[in-house]
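Undergrad: From first to last, the protein sequence lines are chains A and B.
Numbering follows our numbering, with no gaps: position 41 of the first sequence is 41.
To convert, count from 1 in the second sequence and add 1000; that's our numbering.
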Amino acid sequence: MAELAVNELRKSFGDKEVLKGVSFNVKSGNFLSLLGPSGCGKSTILRIICGLETADSGEVLVDGRDVTKIRPEKRGSGLVFQNYALVPSMNVEKNVGYGLKMRKVPQEEITQRVAEALEQVKLGGYQNRKVTQLSGGEQQRVALARALVTKPDILLLDEPLSALDRKVRAEMQYEIRSLQRKIGTTTVFVTHDQEEALTMSDQIILLYKGEIEQMGDPYTIYSQPATVFASDFLGKANLISGKLTNEGGKWYVAGDGFRIPVNYVGGQEGDEVKAAVRGEYFEFCSADDEGANPYHLTTRIFTGLAWRLVGTMGGQALDISALGNHANTLSDDSDVYVRIRPENVVYYNN
Amino acid sequence: MTSKGFRRTMMVCLWIVLAFMYIPIIVIIGMSFNGARYGMFPYQPTLRWYAELFTTSDLLPTCWFSIKFALLVTLAAVILGTMTAFGLQAYAPKWAKRFNFVLQLPIIIPWLVTSISLLLLFSFIGTGRSMISMFLGNLIVVFPYVVLLVNGRFEAMDRTPESAARLLGASPSRVFFDITTPAITPGILAGGIMAMIMCFNNFVVQYYLVPIGTNTLPTLVFTRIRAEYKADLNALSAIIVLAAVVLVIVLSKLGFSAGSLFGMGGGTKKKGE
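The following block contains the structure:
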């Protein structure tokens, strides 16, 4: 268990600047996700933390100790790779025990600790299997056991689940998280999958083009995206253009045929702004309810979990996501009323 | 022509090529047991040539010398070639490609040209025709093949287990022996076999660089065929063919097929799987 801090990391490959001064810290035992599209620099950050890559400037601190110049084999961080990175010439036991062997742990203790680690990832008895004969999910469990058996200060996970199919991935998400809670290792998880980040993390850092867009707990990041990019990347949000208005001390984003309440965070009355609203925060209401806006429903699309309603509000496109019991009775090309709470709306200057 | 007829023609073509490749070898094995003068008919079964080969003939000692020489060259080529391929991979792909091109270029330069220029060079630096010159000359000729095959293996292998081993506490040299070497062994074996064979029968280079008064197997065979033809050469050829067949069988029993050795990953799994 250890606290991790990263200060002002900068890194360029050739003339491409992939990290433009990234700083953050992770409390001991926390699970942090670095989330962003490919090329945002998230994997580079991970490789710098474990020492496989050197930063052009900036520092990495583990429990306040500067490890920036320490060679990777001395850092004591465990990394799980996207493609598992198991050694094909060794069996499961040798793979998992390799780190202990390098630390000159006696053979009996290695055998015992490997057995325990395999038990933890539910692969008890797999010691003598060839790694090439395991399924993707099993290989990733072996990789996880290999990273955890040495009891690393920091556990780093580099998109470990993206090569797995959907069902195995969901199981592994749950297992990794519960294992991490049990062991309490400080963990940094890299992913481009917003759902994965939201379900697994204590804390999310959203990265875009080598810079931090937003930092926070999953709920805040999702419900109050700080930038236009954030609102779009974490599940598609609707962006509605309007003017910032103030009526009787309350603030709204209003336009032709709609008025959405917001919590005031800055700006002047009359400013052209964009409001970001997630489709699932709308609720149906009647015309005379407080905050009701007319919504024209063009068509309904069934997505399994919910209905996706495609329509317009005041002439602007607005997608609403509604559970079955609300949307089943609606018909295409109809007019209804919807409203939303101000805490679920964020607005940005144009 | 129907497609069936077309396919059949191609299949016949395969048989003709196979026959062309193997009939001479079968003939020489047959002739090694023929007692008739100049390997002519009528066929007289005999073991005379084998007896002569193992007693009075100078072929066998020279053959041993050539084998030992080829092994030495192979050992040097494999070590240097593996180090070179590793070094190549440490460069960014753009530069690795350029270096690789420069390294492979000598393969297409005729040995005749290489040999003459080497003889000129060695005469100039004073080693002339000597064992050291012949060693270096053969090494230079076989070296690109080792790099080619080992580098191919490097490019086909997944490099992330090496990073993983570093993070688990292994030093770079430890990683090389524990992780990298097992993964590139097929390439090293293939490169070694290639180097061994090319060095063993490289007449051109050896003809120019062999010390006066010494013979390697190729130069001895060359002078003997000009002077007189004796069938103990057939006996030696038959033994060499047998040795090659045994080598191939042993390798395939060890799990290496020609495809997995010389291919860019045939018989092994693709990256990341």
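By construction, the Cβ of each residue, glycine as well, lies at the ideal position given by its N, Cα and C atoms.
1. Would you call the region 1240-1252 of chain B and the region 1047-1060 of chain B touching, i.e. three or more CB-CB distances under 8 Å?
2. Could you tell me if A/E290 is buried or exposed, where buried requires 16 or more neighbouring beta carbons within 10 angstroms of its beta carbon?
3. Could you check what DSSP says for A/Q140 in three-state terms: helix, strand or coil?
4. Go through its chain and collect everything with a Cβ distance to A/V228's Cβ below 8 Å, but skip five positions before and after it.
5. Note the first and the last residue of the continuous alpha helix (DSSP H) segment covering A/E73.
6. Contact check, A/T185 vs A/L155 under 8 Å by CB: the rounded distance?
7. The region 93-104 of chain A: which residues have C-beta closer than 7 Å to a C-beta of chain B, in chain order?
8. I want to know whether the region 1152-1160 of chain B touches the region 55-72 of chain A - three or more CB-CB distances under 8 Å.
9. Using beta carbons (cut-off 9 Å, strictly below), is B/R1153 in contact with chain A?
10. Can you tell me where the alpha helix (DSSP H) holding B/K1097 begins and where it ends?
11. Under a CB-based cut-off of 9 Å, is B/S1171 close to chain A?
12. Distance, Cα to Cα, A/C50 vs A/V62?
13. Against chain B, with Cβ distances strictly below 9 Å, would A/N349 count as a contact?
14. From the DSSP output, in three-state form, read off A/R129 for me.
15. Measuring only between beta-carbons, confirm whether A/E116 sits less than 9 Å from chain B.
16. Do three or more CB pairs link the region 276-285 of chain A to the region 305-322 of chain A at distances below 8 Å?
17. Ordered along the chain, which non-local residues of its own chain (more than five positions away) have a Cβ less than 6 Å from that of A/G257?
18. Let's test the definition: count the other Cβ atoms within 10 Å of the Cβ of A/L34 and tell me whether it reaches 16, buried, or not, exposed.
19. Taking A/L157 as the query, report the chain B residues whose CB atoms sit under 7 Å from its CB, ordered along the chain.
20. Which residues of chain A have a Cβ atom closer than 7 Å to the Cβ of B/T1160, listed in chain order?
21. Could you work out which residues of chain A lie near B/A1156, taking near to mean beta carbons separated by less than 8 Å?
22. Compare the C-alpha of A/S12 against each of A/I340, A/V87, A/I48, A/A287 and name the closest.
23. Kindly indicate which three-state DSSP category A/D319 falls into: helix, strand or coil?
24. What's the C-alpha gap between A/G78 and A/P152?
25. Which chain B residues are close to A/L144, counting only those with a beta carbon under 8 Å from its beta carbon?
26. Can you name the residues of chain B whose CB is closer than 7 Å to the CB of A/T150?
27. Determine whether the Cβ of B/G1266 lies closer than 9 Å to any Cβ atom of chain A.
28. What does A/P72 reach in chain B if we use C-beta pairs closer than 7 Å?
29. Report, in whole angstroms, the separation of the C-beta atoms of A/I301 and A/L32, which I expect to be a contact under 8 Å.
30. Taking only the alpha-carbon atoms, compute the straight-line gap between B/N1215 and B/P1106 and give it to the nearest angstrom.
31. Figure out for me which residue from B/Y1207, B/R1008, B/T1009 has the closest Cα to the Cα of B/S1115.
32. Let me know the secondary structure DSSP gives B/I1197 once reduced to three states.
33. Helix, strand or coil for B/I1109? Go by DSSP, reduced to three states.
34. Does chain A have any CB closer than 9 Å to the CB of B/R1174?
35. Starting from A/A254, follow its DSSP beta bridges and name the residues at the other end.
36. Does the beta-carbon of B/S1003 have 16 or more other beta-carbons within 10 angstroms, so that it is buried, or is it exposed?
TA: Taking the structure as given:
1. no
2. exposed
3. helix
4. L239, K274, A276, Y348
5. 72-75
6. 5 Å
7. Y98, G99, M102, R103
8. no
9. no
10. 1093-1104
11. yes
12. 11 Å
13. no
14. coil
15. no
16. yes
17. G314
18. buried
19. Neighbours of A/L157 on chain B: none; closest Cβ ~13 Å, over 7 Å.
20. F81, N83, A85
21. By Cβ distance, chain A contributes nothing, its closest Cβ being about 12 Å from B/A1156, past 8 Å.
22. A/I48
23. strand
24. 6 Å
25. Those within 8 Å of A/L144 in chain B number zero; the least Cβ separation is about 12 Å.
26. L1168
27. Low local confidence applies: a pLDDT of 40 at B/G1266 is under 50, so the model's placement there is unreliable, and no value is given.
28. R1166, L1167
29. Not a contact, Cβ separation roughly 35 Å.
30. 26 Å
31. B/Y1207
32. helix
33. coil
34. yes
35. A/K243, A/R259
36. exposed
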